[in-house]
Every structure is written in C-alpha cells, then in structure tokens.
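J.:
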Amino acid sequence: MVCEKSKILVFGATGYLGKYMVKASVSMGHPTFAYVRPVNPDANPSKLQQHRELESLGVTIFQGELDEHETMVAALKQVDVVISTLAVPQHLEQFKIIDAIKEAGNIKRFVPSEFGNEVDRVSGLPPFQALLENKKKVRRATEAAGIPFTYVSANSFAAYFVDYLLHPHERTQHVSIYGNGDAKAVLNFEEDVAAYTIRASVDPRVCNRVIIYRPPENIVSQLDLVSSWEKKTGTKLQRTHIPEQDIIKLSNSKLKLLII
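Its first residue numbered 1, the sequence shown is counted upward by one per residue in UniProt numbering.
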C-alpha cells in the first residue's frame, strides 16, 4: 500500500459509518477534514458533542451545507481525497459534491457513498432496486465528470446486522429467522470497512476501479450466527421462521427502504 499521507475530507463524518472513517483516517496519520452542517452555541447538545469529538481527534472542520457550492469548492481545494458516507436519503445530494469536485479540479480520488452490494452486478426487489439505481446514477455522474474514483463494495456491516439478526443485548430467548436462515451474506465489521477504504483511497492500483470486501471467513448465514451465539452463551434460542413470501410482501409494501 502507498504510504503517502494524503489530505482526506469526509462528508457525513458525524454519521454511522462516517465516524469510523474519520477515526481510521486519523489513525493512519492522514491530515483529516470533515465537511459538516454548521452549528451554533444554542444547537442540540448532541450536535455540539459530535463537533467536539471531531476536534479532539485533530480533525479540521469545514462548516457548510451541501447547497453551498462555493463553500464546498473552497474546502475541496485544500484536500486531496474525498470520501462520502452520506446516508441513503442523501445519496442523490452527492451530485452537488461531484459538481464542486469538478470545479475545484484538484481532487485525486472520490469515494462515493456505497459500501453495500456491487450495484452494477446485482438486482433486487423494488425498494432495494431503487436504492441501487440511485447509486448507479452517482457512479455515472462521477465518470461523466472525469473524476478519479474508487467504488467500494463492503457488502454488509457486521455490527449492525449481528445486532439486527440476533438482538444480543436484549437477553431474549427467542429469535426470528428470515426464510430458512441458510442464505449467506458477507458481514464486515465497520472498523475494517473504514480501514480498508482509507487504504484504498490512496492506493493507485484501485483508481477508477471497484474494490470488493469479501473475506471468505466473513461469509455466514443467519443460522450460522445463531449457532455461534448459542455456543457462546450456552443458551438454546427458540426459533420462529418468517416465510420468504411474507418478507417479499413486506418489502413490496414499503415506499422507502431504510438502510444505513
């Protein structure tokens, strides 16, 4: 991997994945920057705390909105790499970031907010397909603008989905199994996703390429997780299977897909 310390700017730095990304960048010695919404002394205490946490890590904070084009351009001219971790509802807002990157003209790498499936190779039920289509639009806009990119397919976040599938903190004796529970997924811990992404963002070998995080030992099913948890706790869980047809009906009834 390349050892050069690039200046890395993170959009969505106070969000779920953004926090991991910032910490990974700082831990690797990169001058790290965050573009965040402005706060004032009367703001929500949690927002103020988020800013203080960034500052305590040595992160340089740029305050601005995604609609503030000139503010973004001024920030971008001070960095080398841009990583977006914006949440699903903001995915198409990345067009504004792309426009600003194009005008700034100095960005060596852009990593848009993906971190899930490889969107150009998969399809899904309507709500999930809508999410994939938005990510594809961001990809095509990035390419049309001539911006150097790396697309990151991290599959699924381990901590998030282990909690969702097992509810380990509830000390329950019951678990819902989706379908037959045998479907395999790639679960990568958020800290690892962030670390790999920071390394990839400064590695010339993956410029203008897709990088997929798929360690063989991280490929597991829900039943694998349940069995591991039972072995760890010495407790046998009561399993209730939710039929695949019910899952499909539920998916088709949703107007929006809520994903990190």
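Yeah, the Cβ is synthetic: ideal placement off N, Cα and C, and Gly gets one too.
1. With Val22 and Leu57 assumed to form a contact (beta carbons below 8 Å), what rounded beta-carbon distance in angstroms separates them?
2. Drop a sphere of 10 angstroms on the beta-carbon of Ile107, count the other beta-carbons inside from all chains shown, and report buried for 16 or more, exposed for fewer.
3. So, at 8 Å on beta carbons, what are the nonlocal neighbours of Ala183 in its own chain, with the 5 sequence-adjacent residues on each side left out?
4. Alpha carbon to alpha carbon, how far is Val59 from Val26?
5. Thinking C-alpha only, which one of Gln129, Val206, Ile177 is nearest Val111?
6. Give the single residue among His30, Arg199, Val36 whose Cα lies nearest to the Cα of Gly18.
7. Taking residue 278 as part of the beta strand (DSSP E), name the residues at either end of that continuous run.
8. Helix, strand or coil for Gln238, going by three-state DSSP, please let me know.
9. Can you give the Cα-Cα distance for Ile260 and Ala87, rounded to whole angstroms?
10. Do you know offhand how far Glu103's Cα is from Leu9's?
11. Whole angstroms is fine: what's the gap from Val226's alpha carbon to Leu237's?
12. Compute the beta-carbon to beta-carbon distance between Val193 and Phe115, rounded to the nearest angstrom, for a pair I have assumed lies under 8 Å.
13. On the CB-based measure, 16 or more other CB atoms within 10 Å of its CB, does Val79 come out buried or exposed?
14. Where do the ends of the alpha helix (DSSP H) carrying Gln173 lie?
15. Quick one: give me the first and last residue of the beta strand (DSSP E) that Ser153 is part of.
16. Is it the case that the Cβ atoms of Ala200 and Val138 are separated by a distance below 8 Å?
17. Helix, strand or coil: which one does DSSP assign to Leu92?
18. Would Arg109 be called buried (16 or more neighbouring beta carbons within 10 Å of its own) or exposed?
19. Taking only runs that begin and end inside the region 202-227, name each unbroken beta strand (DSSP E) of 3 or more residues, in chain order.
20. Determine the extent of the alpha helix (DSSP H) in which Ser25 is found, giving its start and end residues.
21. Drop a sphere of 10 angstroms on the beta-carbon of His51, count the other beta-carbons inside from all chains shown, and report buried for 16 or more, exposed for fewer.
22. Kindly list the residues whose CB is nearer than 7 Å to the CB of Trp229, restricted to its own chain and excluding five residues on each side of it in sequence; keep chain order.
23. Under a Cβ-count criterion, where at least 16 other Cβ atoms within 10 Å of its own Cβ denotes burial, should Tyr164 be classed as buried or exposed?
24. Using only CA atoms, which one of Val202, Leu250, Phe11 lies nearest to Lys96?
T.: Quick look at the numbers:
1. Sequence index remark: in the sequence shown, residue 22 carries index 22 (1-based). Sequence index remark: in the sequence shown, residue 57 carries index 57 (1-based). Rounded, the Cβ-Cβ distance is 7 Å, consistent with contact.
2. Along the sequence shown, one-based indexing puts residue 107 at 107. Buried is the call here.
3. Numbered from 1 along the sequence shown, position 183 holds the residue referred to as residue 183. For Ala183, where only same-chain residues beyond five positions count, the Cβ hits under 8 Å are Ser221, Gln222.
4. Within the sequence shown, numbered from 1, the residue matching residue 59 stands at position 59. Within the sequence shown, numbered from 1, the residue matching residue 26 stands at position 26. If I take the Cα positions, the gap works out to 8 Å.
5. Stepping through the sequence shown from its first residue, residue 111 is reached at position 111. Cα-wise, what sits closest to Val111 is Val206.
6. The count along the sequence shown starts at 1 and reaches residue 18 at position 18. The candidate whose alpha carbon is nearest that of Gly18 is Val36.
7. What the structure shows of the chain is the stretch from 1 to 260, and residue 278 is not part of that stretch, so it cannot be assessed.
8. Sequence index remark: in the sequence shown, residue 238 carries index 238 (1-based). It is a strand residue.
9. For the purposes of this step, residue 260 is taken as residue 260 along the sequence shown, with counting starting at 1. For the purposes of this step, residue 87 is taken as residue 87 along the sequence shown, with counting starting at 1. With a pLDDT of 40 at Ile260, under the threshold of 50, the modelled position of that residue is not reliable, and the figure given next carries that caveat. Each residue's alpha carbon lies about 6 Å from the other.
10. On the sequence shown, position 103 is the one that residue 103 refers to. On the sequence shown, position 9 is the one that residue 9 refers to. Looking at the two C-alpha atoms, the distance is approximately 16 Å.
11. Here residue 226 corresponds to residue number 226 of the sequence shown, with the count starting at 1. Here residue 237 corresponds to residue number 237 of the sequence shown, with the count starting at 1. Using only the alpha carbons, I get a separation of about 8 Å.
12. Within the sequence shown, the letter at position 193 stands for residue 193. Within the sequence shown, the letter at position 115 stands for residue 115. That belief holds up - the Cβ atoms of Val193 and Phe115 are roughly 6 Å apart, short of 8 Å.
13. For the purposes of this step, residue 79 is taken as residue 79 along the sequence shown, with counting starting at 1. So Val79 counts as buried.
14. As a first step, residue 173 must be located in the sequence shown, where it is residue number 173. Careful: Gln173 lies outside any alpha helix (DSSP H) and carries neither H nor E.
15. Here residue 153 refers to the residue found at position 153 of the sequence shown. Segment 150-153, the beta strand (DSSP E) holding Ser153.
16. Numbered from 1 along the sequence shown, position 200 holds the residue referred to as residue 200. Numbered from 1 along the sequence shown, position 138 holds the residue referred to as residue 138. Taking 8 Å as the Cβ cut-off, Ala200 and Val138 do not qualify as a contacting pair.
17. Mapped onto the sequence shown, residue 92 falls at position 92. Reduced to three states, the DSSP call for Leu92 is helix.
18. On the sequence shown, position 109 is the one that residue 109 refers to. Classification of Arg109: buried, given that the 10 Å Cβ count is 16 or more.
19. Fully enclosed beta strand (DSSP E) runs of no fewer than 3 residues occupy 209-212, 219-221 of the region 202-227, in order along the chain.
20. Working through the sequence shown from its first residue, we reach residue 25 at position 25. Counting along the chain, the alpha helix (DSSP H) containing Ser25 begins and ends at 16-27.
21. As a first step, residue 51 must be located in the sequence shown, where it is residue number 51. Under this definition His51 is a buried residue.
22. On the sequence shown, position 229 is the one that residue 229 refers to. Taken in chain order, the residues that qualify are Leu166, Pro168.
23. Here residue 164 refers to the residue found at position 164 of the sequence shown. Exposed, by the Cβ-count rule.
24. Along the sequence shown, read from residue 1 onward, the residue named residue 96 stands at position 96. Nearest C-alpha to Lys96 among Val202, Leu250, Phe11: Phe11.
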